[in-house]
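To start, the structure itself, in structure tokens.
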Amino acid sequence: MALVIEGEERIAAPVEKVWEALNDPEILKEAIPGCQSLEKNSATEMAATVVLKIGPIKATFNGEVTLKNLKPPHSYTIQGEGKGGIAGFAKGGADVTLTEDGPDATLLKYAAKAEVGGKIAQLGSRLIQSTSKKLAGQFFSTFGEKVGA
12 MALVIEGEER IAAPVEKVWE ALNDPEILKE AIPGCQSLEK NSATEMAATV VLKIGPIKAT
72 FNGEVTLKNL KPPHSYTIQG EGKGGIAGFA KGGADVTLTE DGPDATLLKY AAKAEVGGKI
132 AQLGSRLIQS TSKKLAGQFF STFGEKVGA
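Note that the numbering used here numbers the sequence shown so that position 71 is 82, with each residue one more than the last.
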């Protein structure tokens, strides 16, 4: 089952600060809903453990996150894949773009595509779509609060 999620968040911080935060495992860990651990393996690769509840299914996903198409400090593509055992898998990516919005603010736009399979996919596309949008919204609003603080 494939999903597409798009959105934008205005962050009260300059582009360079937002870019640094998008590459900071500590900030990302705090912003990713359900993130238990996030460790940097290299400049563009991280390993993550995330616990998610989607409808009646709660699963721990272990996965890899890779940053590609880096154009500092304006854009990159983040790709990830996680396996949740019997619950299934999730993989996807997002194109993230940063644009100046005045001297001390940044407009972060994202276009994400995700694919889920296994038991999770059997929950139905409406539930998965609404949960995915909610999680993306939580991530970007928490991220915005942390960076804009």
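Where a beta carbon is used, it is the ideal one built from N, C-alpha and C, also for glycine. None of the values given here were measured: they were computed from a predicted structure.
- Gly-74 is not a Cβ neighbour of Val-62, given a cutoff of 8 Å.
- Annotation: Ile-139 to Ile-43 spans about 17 Å, alpha carbon to alpha carbon.
- Listed as beta-bridge partners of Gly-128 by DSSP are Phe-100.
- Between Ala-122 and Asp-106, the gap from beta carbon to beta carbon is short of 8 Å.
- Annotation for Ser-141: the continuous alpha helix (DSSP H) segment containing it runs 136 to 159.
- Take Ala-59, set aside five residues on each side of it, and the residues of its chain with a beta-carbon closer than 6 Å to its own are Leu-49, Gly-74, Val-76, in chain order.
- Following the DSSP letters along the chain, one finds Ala-42 inside the alpha helix (DSSP H) bounded by residues 36 to 42.
- Distance from the CA of Val-158 to the CA of Gln-90, rounded to the nearest whole angstrom, comes to 22 Å.
- In this chain, Ala-23 is not harboured by any beta strand (DSSP E), its DSSP state being neither H nor E.
- Judged by DSSP in its simplified three-state form, Ala-54 adopts coil rather than helix or strand.
- If you check the CB distance, Ala-125 and Gly-93 do not come in under 8 Å.
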